[in-house]
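K.L.:
The structure under discussion is supplied below as structure tokens; questions concerning it will follow.
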């Protein structure tokens, strides 16, 4: 459960930073970013495993690249659920999916290093 909360927090923080850095990702406010991140988190928990199973042959052929396309589909799907976030096209959704995945990896590394005691204060 703690791991899922870290993913949700990383998603909220990354979406907030990306919406402030890139002008083409429009967010009405922090509330819409939080709601979008929660919807994205729920879709990732419930629908992503099924989608990855369905596209498994394509994922094997493309050596895992197709999972980025699945992540993009999930971002587009979450965008359709909430009106406060505007992602204009597939390319921007792809960029957002890749950057959210990168932020999640950075936060995962930070969390794992903190647990192992490398970052002691």
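Residue numbers (our numbering): 3 to 123.
The C-beta atom is built at its ideal place from N, Cα and C for all residues, glycine as well.
Do residue 45 and residue 15 have their beta-carbon atoms positioned less than 8 Å apart in this structure?
P.N.:
Within the chain shown, numbered from 1, the residue matching residue 15 stands at position 13. Within the chain shown, numbered from 1, the residue matching residue 45 stands at position 43. Taking 8 Å as the Cβ cut-off, residue 15 and residue 45 do not qualify as a contacting pair.
K.L.:
Flag this pair as yes or no: are the beta carbons of residue 74 and residue 60 separated by less than 8 Å?
P.N.:
What you label residue 74 is simply residue 72 of the chain shown in a count that begins at 1. What you label residue 60 is simply residue 58 of the chain shown in a count that begins at 1. Not closer than 8 Å, so no.
K.L.:
May I have the straight-line CA-CA distance separating residue 31 from residue 38, to the nearest angstrom?
P.N.:
Stepping through the chain shown from its first residue, residue 31 is reached at position 29. Stepping through the chain shown from its first residue, residue 38 is reached at position 36. Answer to the nearest angstrom: the Cα atoms are 11 Å apart.
K.L.:
So is residue 114 buried or exposed if we call it buried at 16+ other beta carbons inside 10 Å?
P.N.:
Walking along the chain shown from the start, residue 114 turns up at place 112. Exposed, by the Cβ-count rule.
K.L.:
By alpha-carbon positions, which one of 26, 89, 47, 87 ends up nearest to residue 3?
P.N.:
The count along the chain shown starts at 1 and reaches residue 3 at position 1. Closest by alpha carbon: 47.
K.L.:
Would you please state the rounded distance, in angstroms, between the beta carbons of residue 77 and residue 89? I believe it to be under 8 Å.
P.N.:
The sequence position of residue 77 within the chain shown is 75, counting from 1. The sequence position of residue 89 within the chain shown is 87, counting from 1. Yes, they are in contact, since the Cβ atoms of residue 77 and residue 89 sit about 7 Å apart, within 8 Å.
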